[in-house]
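A short worksheet on the structure shown next.
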Amino acid sequence: MTLRHLLTMTSGFSWITGKKLGEPFVRNLHRSRRWGSFALSMNIIPEHIGQFQYRSIDSHLISMILTESTGLDAFTYAAEHLFSPLRMTYTAWLPSPEGHSMGHIGLYLNSRDMAKFGICLLNNGVFAKQQIIPKHWLQEALTAQTTGYPAFGDYGYQFWMGTMTGQPYKLAHGHGGQQIILLPKLDAVVVFTAESKTNNWKNPRKLLEKYIIPTMS
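Going letter by letter, the sequence shown gives residues 0 to 216 in numbering that gives the first Met the number 0.
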């Protein structure tokens with residue numbers, strides 16, 4: 000298994016993922032006091048290595064690897080190299096019981112700061128005339144590396160991507176409906192911070208598809 004397998008969620012860990020990315024094993028992970036040990040104790044199915052399956056433990060292991068490589072938790076590293084250059088004002092990232100930033104959940108950003116991140120992505124990693132994210136890395140991260148799920152799109156490096164009403168999109172999808180959606184051809188970034196309680200609009204992307212994209216096209 001490599002870092003690339005974790006970035007593309009093709010690690011091969013034995014895992015269960017529901018239709019709406021529900022993950023029964025996440026509860027067991029959260030109850031554990033040693034998340035790293037829990038993740039690494041999961042069985043690996045050799046024939047599944049290289050096949051996509053959404054797994055939160057893949058994202059958390061990336062956070063752990065970053066800390067082991069830099070000596071900084073992901074929040075501290077991101078604050079220095081991403082949040083500060085993007086002039087984000089209100090940020091927080093919850094730690095695991097072992098002190099690593101939760102790789103799969105727990106990052107708090109307001110809608111304006113989410114939009115700043117999206118604008119940086121849309122502009123090839125540039126924000127306020129400063130190269131924040133390496134262009135070559137971003138191009139690879141936002142390119143489909145594996146076939147994902149039809150309801151969400153294909154998958155790059157922790158990003159979804161596909162086409163909606165004729166418009167290509169890139170998607171950072173978070174818990175509870177939090178989403179940063181890039182629409183490159185429209186030069187637009189759309190941010191959602193919650194799901195709707197109305198069943199017809201439970202998925203915020205339906206609003207994007209029916210109203211927002213047609214208005215901008």
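Every residue gets a Cβ at the ideal spot worked out from N, C-alpha and C, and that includes glycine.
A residue is called buried when at least 16 other Cβ atoms come within 10 angstroms of its Cβ; I132 meets this threshold and is buried. A buried status is given to I180, since no fewer than 16 other beta-carbon atoms sit within 10 Å of its beta-carbon. Of the candidates S100, P84 and Y210, S100 places its Cα closest to the Cα of L71. Taking a C-beta distance under 9 Å as the contact criterion, S95 and Q166 do not qualify as a contact pair.
For T145, DSSP records a beta bridge to Y154. In the three-state DSSP reduction, S55 falls in the helix class (H, G or I). Annotation: R30 to N42 spans about 19 Å, alpha carbon to alpha carbon.
Per DSSP, the continuous beta strand (DSSP E) segment holding P167 begins and ends at Q166 to H172. Bounds of the alpha helix (DSSP H) holding G117 are S110 to L121.
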